[in-house]
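J.: Chains as they are written, first to last, in the UniProt record's numbering: chain V, 1 to 342; chain F, 1 to 230.
Handing you a structure now.
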């Protein structure tokens, strides 16, 4: 073989400097299979994380939205309300003609609701709102023959801030047959469902992480087996466990990062689509509409900007997380393997 | 320096790579006690199967004693930690009987391995490697891969790799097997020079002629026991 020494820099063409330690990591851990596997895992993780994020957003919306509104129906709203037991209808010695007029049942309930601790707003639906509310069942002509109850919305600062039974008893004392609808019953169930979905999504992510770690560990072990002779030699020459593990871990971290990045890019359009489909349930406008008015980002950045912030952050963190998992898994695998050497 | 006291070693039957390394249950080394001072040169003699290679593996920290106390370059094996053993190995140069060169690395990089593991500057590594390539007469083969070399050339590469980092201890197992007389003599002169500079050297050999030409302190083994120390 001809001497390939470069004049003036002898040996430069032979040596690959720090890489020339015999580990030949490009052959030990090829750069095709692992990134593809990690990319697939990243897509699955992105889907599961999207599910978790979506469930969390819906749970929060249902808990702080519907559950924080109490609907009160007052039949015969214009009839006079009962006088509270603590206040006689006509005080002794007073002229009946000067006594304050009895409140209507609806007004009495409104007044009682205004005193509820934590109430942020009390709103009685007007005739137009009632017609809109009932039109799916009674039509749009607005000429209802039925005697409609007064419908009052009580907005609370936060869900569950009020004892609904106590409120119902108070209202019933002024306006018997008043109905208090506790939306929190349904929202609680929906919240439980959302939390269950969130838990399932997190479990799915954990399973994906475990499978990814197992895949990386198996790939690393195969690489260790392939380079066993070189590893044993440089170990006998004084290479520390940290050096050998670090070289392998650096390689898998780069490959896992690449796979994570590819997986994130593949998952991005799917997540944007899912976000758009889920937007109405989360009480948001469709992201596409937001994107259309947002200047600046284009291409992938524009797609990323279309995601809810928590999901975008999650997606951006996938590649570094994959690299970290790859690095840690390889460190543990290699150091464990090296323990067999003296 | 090297100090052994009642050191025995027994292979555990089957090695982890599946190869049977020794007769199961048989002791490879029994109750060895000897000293080699700093800068000392020792011939390690004995028939095949006497335990020479096992003793060299023990001294190179490739295996641990089954019993007894062993001190290598001031480090007690009983108390040595794993990271400490790695540091210790960097102070030892070994010429294996089967050379143990990495077939996919050029000669240059095979020889440079000990220096790279010490994180020496690349300029310094290049100068050192080229210098020793000149000494072993292989500068023209620096870019060759070991499978392209003859047995004698591979042995010279192994010798170069063993001494390039100026180790405190050199262990050589039949280092002149594939060398002609002239090359063997040059190697022995190098070992004597290194010993003169304070390097401790242990050479296992069957080459009686070489031992006669370069008489020195002998450690002779038979059936794993030290039968002569002098």
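Glycine residues also receive a C-beta, built at the ideal position from the N, C-alpha and C atoms.
Predicted, not measured: the structure shown is a model, and the values here were computed from it.
Among 228/F, 127/F, 174/F, 191/F, whose alpha-carbon lies nearest the alpha-carbon of residue 206/F?
T.: Here residue 206/F refers to the residue found at position 206 of the second chain. Looking at the Cα atoms, 174/F is the closest of the given residues.
J.: Report the partner residues of residue 70/F according to the DSSP bridge assignment.
T.: Taking the first residue of the second chain as position 1, residue 70/F is located at position 70. For residue 70/F, which the question treats as bridged, DSSP gives the partners 4/F.
J.: Report buried or exposed for residue 219/V, applying the criterion of at least 16 other Cβ atoms within 10 angstroms of its Cβ.
T.: Taking the first residue of the first chain as position 1, residue 219/V is located at position 219. Buried, because 16 or more other Cβ atoms sit within 10 Å of the Cβ of residue 219/V.
J.: Spell out whether any CB of chain V is found under 9 Å from the CB atom of residue 242/F.
T.: As shown, chain F starts at 1 and ends at 230. That puts residue 242/F outside it, with no answer to give.
J.: Run through DSSP, which three-state label would residue 182/F get?
T.: Stepping through the second chain from its first residue, residue 182/F is reached at position 182. DSSP places residue 182/F in helix when its eight states are reduced to three.
J.: According to the Cβ coordinates, are residue 113/V and residue 150/V closer than 9 Å?
T.: Translated into the one-based positions of the first chain, residue 113/V becomes position 113. Translated into the one-based positions of the first chain, residue 150/V becomes position 150. Contact: no.
J.: Residue 41/F lies in the beta strand (DSSP E); which residues open and close that run?
T.: Along the second chain, one-based indexing puts residue 41/F at 41. Run containing residue 41/F: 41-45, per the beta strand (DSSP E) assignment.
J.: Sort 247/V, 342/V, 156/V, 211/V by Cα distance to residue 224/V and report the nearest one.
T.: By one-based count along the first chain, residue 224/V stands at place 224. The shortest C-alpha separation from residue 224/V is found at 247/V.
J.: Name the two residues that bound the continuous alpha helix (DSSP H) containing residue 112/F.
T.: Locating residue 112/F in the second chain gives position 112, where the first residue counts as 1. Segment 107-117, the alpha helix (DSSP H) holding residue 112/F.
J.: For residue 48/F, which of 159/F, 188/F, 221/F has the nearest alpha-carbon?
T.: Reading the second chain from its first residue, position 48 is the one you call residue 48/F. Nearest C-alpha to residue 48/F: 221/F.
J.: Which word fits residue 120/V, buried or exposed, when buried means at least 16 other C-beta atoms lie within 10 angstroms of its C-beta?
T.: Within the first chain, numbered from 1, the residue matching residue 120/V stands at position 120. Answer is exposed; the Cβ neighbour count stays below 16.
J.: Any chance the stretch 57-69 of chain F sits against the stretch 120-139 of chain F, with 3 or more Cβ pairs inside 8 Å?
T.: Result no; under three Cβ-Cβ pairs closer than 8 Å.
J.: Can you list, in chain order, the stretches of the alpha helix (DSSP H) that have 4 or more residues and sit fully within the stretch 153-222 of chain V?
T.: As far as the stretch 153-222 of chain V is concerned, its whole alpha helix (DSSP H) runs of at least 4 residues are 164-174.
J.: Note down the Cα distance separating residue 83/F from residue 241/V, rounded to an integer number of angstroms.
T.: For the purposes of this step, residue 83/F is taken as residue 83 along the second chain, with counting starting at 1. For the purposes of this step, residue 241/V is taken as residue 241 along the first chain, with counting starting at 1. C-alpha separation (whole angstroms): 8 Å.
J.: Ignore the nearest five residues each way along the sequence and tell me which others in residue 136/F's own chain have a CB closer than 6 Å to its CB.
T.: Within the second chain, the letter at position 136 stands for residue 136/F. Correct list, in chain order: 156, 160.
J.: For the pair the stretch 249-259 of chain V and the stretch 327-341 of chain V, tell me if three or more CB-CB distances fall below 8 Å.
T.: Contact between the stretch 249-259 of chain V and the stretch 327-341 of chain V is present, because at least three Cβ pairs lie under 8 Å.
J.: Determine, using beta carbons only, whether residue 301/V comes closer than 9 Å to chain F.
T.: On the first chain, residue 301/V is found 301 positions in, with the first residue counted as 1. Chain F contact via Cβ: absent.
J.: Should residue 95/F and residue 171/F be called a contact, given that it needs their Cβ atoms to be closer than 9 Å?
T.: Mapped onto the second chain, residue 95/F falls at position 95. Mapped onto the second chain, residue 171/F falls at position 171. Closer than 9 Å, so yes.
J.: Whose C-alpha, out of 180/F, 44/F, 121/F, is nearest the C-alpha of residue 201/F?
T.: Indexing the second chain from 1 puts residue 201/F at position 201. The residue with the shortest Cα to Cα distance from residue 201/F is 44/F.
J.: For chain V, find out if any of its Cβ atoms is closer than 9 Å to the Cβ of residue 248/F; answer yes or no.
T.: This structure leaves residue 248/F out entirely; chain F is present only between 1 and 230.
J.: Return the chain-ordered list of same chain residues with a C-beta closer than 7 Å to the C-beta of residue 291/V, the five sequence neighbours on each side being excluded.
T.: Position 291 of the first chain, counted from the first residue, corresponds to residue 291/V. In this prediction, residue 291/V has a pLDDT of 43, which is less than 50 and means its spatial position is unreliable; nothing more can be read from the coordinates.
J.: Identify which residue in 75/V, 221/V, 34/V, 335/V has its Cα closest to the Cα of residue 172/V.
T.: Counting from 1 along the first chain, the entry for residue 172/V is found at position 172. That would be 75/V, whose Cα lies nearest to the Cα of residue 172/V.
J.: On the three-state DSSP scale, how would you describe residue 96/F?
T.: As a first step, residue 96/F is located in the second chain; it is residue number 96 there, counting from the start. Note: residue 96/F maps to coil in three-state DSSP.
J.: Please compile the residues from chain F whose C-beta is within a distance smaller than 8 Å of the C-beta of residue 279/V.
T.: Here residue 279/V refers to the residue found at position 279 when the first chain is read from its first residue. In chain order: nothing, as chain F lies at least about 56 Å away.
J.: Using 10 angstroms around the beta-carbon of residue 153/F, count the other beta-carbons present and answer buried if the total reaches 16, otherwise exposed.
T.: Working through the second chain from its first residue, we reach residue 153/F at position 153. Residue 153/F is buried by the Cβ-count criterion.
J.: Restricting to runs no shorter than 4 residues, where is the alpha helix (DSSP H) found entirely within the stretch 14-44 of chain V?
T.: For the stretch 14-44 of chain V, whole alpha helix (DSSP H) runs of length 4 or above, ordered along the chain, are 25-28.
J.: Going by CA-CA distance only, name the one from 117/V, 262/V, 308/V that's closest to residue 34/V.
T.: On the first chain, residue 34/V is found 34 positions in, with the first residue counted as 1. With distances taken between Cα atoms, residue 34/V lies closest to 262/V.
J.: Mind checking whether the beta-carbon of residue 69/V lies closer than 8 Å to any heavy atom of the ligand MG?
T.: Looking at this structure, you won't find the ligand MG or any other ligand, since it has none at all.
J.: Establish whether the CB of residue 246/V and some CB of chain F are separated by less than 9 Å.
T.: Taking the first residue of the first chain as 1, we reach residue 246/V at position 246. False, the Cβ-Cβ gap to chain F never drops below 9 Å.
J.: The beta strand (DSSP E) that contains residue 205/F, what's its start and end?
T.: Mapped onto the second chain, residue 205/F falls at position 205. Here residue 205/F belongs to no beta strand (DSSP E), and DSSP marks it neither H nor E.
J.: Considering only residues of the same chain and omitting the five flanking positions on each side of residue 295/V, which have a CB-CB separation below 6 Å?
T.: Here residue 295/V refers to the residue found at position 295 of the first chain. Any reading at residue 295/V must be qualified, since the residue scores a pLDDT of 44, below 50, and its modelled position is unreliable; no value is offered.
J.: In its own chain, which residues sit with a C-beta less than 8 Å from the C-beta of residue 232/V, not counting the 5 before and 5 after it?
T.: Here the question's residue 232/V lines up with position 232 in the first chain. The answer, listed in chain order, is 341.
J.: Work out the CA separation of residue 144/F and residue 28/V for me, nearest whole Å.
T.: Within the first chain, the letter at position 28 stands for residue 28/V. Within the second chain, the letter at position 144 stands for residue 144/F. About 22 Å.
J.: Thinking just about the alpha-carbon of each residue, which of 106/F, 30/F, 188/F is nearest to the one in residue 148/F?
T.: Within the second chain, residue 148/F is the residue found at index 148, counting from 1. Nearest of 106/F, 30/F, 188/F to residue 148/F, Cα basis: 106/F.
J.: From 212/F, 203/F, 146/F, pick the residue whose C-alpha is nearest to that of residue 93/F; which is it?
T.: For the purposes of this step, residue 93/F is taken as the residue at position 93 of the second chain. The shortest C-alpha separation from residue 93/F is found at 203/F.
J.: Taking 9 Å as the CB-CB cut-off, is residue 351/V touching chain F?
T.: There is no way to answer for residue 351/V, as the model of chain V reaches only from 1 to 342.
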